[in-house]
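Just so it is clear: in the sequence shown, position 155 is 155 by full-length UniProt numbering, and no numbers are missing.
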Amino acid sequence: FRCPGSGAFRCSSTGLVFVVSKEAELQYRIIQWDEALLESSSRTPAGPLYDIECPEQALFELHLPHCEPEHVDVSESRLSVAHITDSGVTFIEPQQVTKSHVVIRVSSLSGFGLNPKTKRRKLNVLLLPINVSVDEVGHKQPNMRNVQVPANCNFTVKQKYSLECSKAFKVQPKEAEFFLNYGPNYHPTFEVRLTAENELINITIRDKDQTQVWLHEVDLSGECRGNIQTGTGRSRDRRRDRSRDTGAVTEGEKYVIAEELRQSSQTLPSSRSLLFESDETLKRWLSSVRPDFIQRVSEPVLNQVLDRLLACGVLTMAESESLRSRGRWDRAVDLIDSVVKKGAKASRLFVSFLSEEDKCLFEDLLLKTTKP
1 FRCPGSGAFR CSSTGLVFVV SKEAELQYRI IQWDEALLES SSRTPAGPLY
51 DIECPEQALF ELHLPHCEPE HVDVSESRLS VAHITDSGVT FIEPQQVTKS
101 HVVIRVSSLS GFGLNPKTKR RKLNVLLLPI NVSVDEVGHK QPNMRNVQVP
151 ANCNFTVKQK YSLECSKAFK VQPKEAEFFL NYGPNYHPTF EVRLTAENEL
201 INITIRDKDQ TQVWLHEVDL SGECRGNIQT GTGRSRDRRR DRSRDTGAVT
251 EGEKYVIAEE LRQSSQTLPS SRSLLFESDE TLKRWLSSVR PDFIQRVSEP
301 VLNQVLDRLL ACGVLTMAES ESLRSRGRWD RAVDLIDSVV KKGAKASRLF
351 VSFLSEEDKC LFEDLLLKTT KP
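In structure tokens, the structure reads:
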């Protein structure tokens, strides 16, 4: 790869971007990952491993393409860059994570490859009234599994609460108001992000005065279940004076903690479950949903999926431009047909991107088909 002078130069076949200080010629190739080197650090490959050489020592910055679901700050990125030399492997934290690339400074050359940081898991905590059907929550959250815990606690409508977990690297939001307008989608009240090795954690919920409302040691090591279940909470009705407060409230609520599944749900297949299916099964599923996808997918979603398939190298620039020149219907037809023809890897990326860009459409496609 020839760089005629200083500046940034992009390889059209790999998506790599080289930033050089002077005219230079780079030689690079894709080599096999030694996954044993990564296992001890709880890492997995997130892209090809490149062996890069630059005799002129002119390369000082490298941009590696990624397939992360959305733009993230450096502090939020799950990616690092593995630098493999004769002495072993080191992990370089990115200077910047753009929508399409991970950017690092380069001091010496050898093998470079993307890999996720320590594997992570996510807990969703839902604060719900005692009369909410747990089965209904499970139906609305098909890619979650229940972590059953005692629900002996009281929450007051319109009061704010916070959640603490010492082993979490992030809890959001910092505080949330308890309210009765919870349906029909049952969105999480709190999201707790943890590293995968944390199987026993303490969760505390406090009110606005920092009084402890609930404390429990939560065990995350259980088997996955298809339906969300929970213990029964203590219920007590208290009516306020309506002349002073128009919001009569019910105290004595329950909550559900749901963990994001890493494997398929028993009630409804998810994008994750499809990714674990055989190549032929995935191909049959895409064929079965093809008519509905073509008829219902919106133009903005099509464009987003196109952008991400281009960034990952599934589509070439010429293919992308050709697809964009067509109307919505023809674009949808040609996109899904092209993805299927390109094979299993392209199909899996397409499924993943579609589920993230239009969750409602994707879940409805799942409901209209039997599990592959």
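Glycine residues also receive a C-beta, built at the ideal position from the N, C-alpha and C atoms.
Under the three-state DSSP convention, the category residue i falls into
| i | result |
| --- | --- |
| Asp34 | coil |
| Ala82 | strand |
| Leu315 | coil |
| residue 398 | The requested residue 398 is not part of the displayed model; the chain covers only 1 to 372. |
| Arg331 | helix |
| Gln212 | strand |
| Lys283 | helix |
| Ser278 | coil |
| Gln304 | helix |
| Ser21 | coil |
| Val97 | strand |
| Phe362 | helix |
| Leu220 | coil |
| Ser162 | strand |
| Lys167 | coil |
| Val147 | coil |
| Val289 | helix |
| Arg102 | Note that residue 102 is Val in the sequence shown, not Arg. Strand. |
Sequence-distant residues of its chain with Cβ nearer than 7 Å to residue i (five each side left out)
| i | result |
| --- | --- |
| Leu361 | Arg296, Val297 |
| Leu323 | Leu306, Arg331, Asp334, Leu335 |
| Phe293 | Ala332, Ile336, Leu365 |
Outcome for residue i when other beta-carbon atoms lying within 10 angstroms are tallied against a minimum of 16
| i | result |
| --- | --- |
| His83 | buried |
| Met144 | buried |
| Leu200 | exposed |
| Ala318 | exposed |
| Pro94 | buried |
| Asp358 | buried |
| Leu309 | buried |
Proximity of residue i and residue j at Cβ, strictly below 7 Å
| i | j | result |
| --- | --- | --- |
| Ser100 | Ala311 | yes |
| Val192 | Leu123 | yes |
| Val81 | Ile104 | yes |
| Tyr186 | Lys158 | no |
| Val106 | Phe155 | no |
| Glu23 | Gly5 | yes |
| Gln32 | Glu53 | no |
| Val339 | Phe353 | no |
| Lys167 | Lys208 | no |
| Pro65 | Gly15 | yes |
| Arg328 | Glu299 | yes |
Run of the alpha helix (DSSP H) containing residue i, from where it starts to where it stops
| i | result |
| --- | --- |
| Gly138 | 134-140 |
| Val297 | Note, Val297: premise wrong, no alpha helix (DSSP H); not H, not E. |
| Arg348 | 344-357 |
Sequence-distant residues of its chain with Cβ nearer than 6 Å to residue i (five each side left out)
| i | result |
| --- | --- |
| Pro173 | none |
| His63 | Val17, His101, Val103 |
| Asn202 | Glu217 |
| Phe9 | Cys3, Phe18 |
| Leu215 | Thr204 |
Close-in-space but distant-in-sequence residues of the same chain around residue i (CB under 8 Å, 5 per side omitted)
| i | result |
| --- | --- |
| Lys345 | Val314 |
| Cys11 | Phe1, Val17, Phe18 |
Range of the contiguous beta strand (DSSP E) that encloses residue i
| i | result |
| --- | --- |
| Lys170 | 170-172 |
| Glu199 | No beta strand (DSSP E) contains Glu199, which DSSP labels as neither H nor E. |
| Thr156 | Note, Thr156: premise wrong, no beta strand (DSSP E); not H, not E. |
| Gly7 | 7-10 |
| Leu64 | 59-65 |
Any chain B beta carbon closer than 7 Å to residue i
| i | result |
| --- | --- |
| Asp34 | Although the question refers to chain B, the structure presented lacks it and comprises just one protein chain. |
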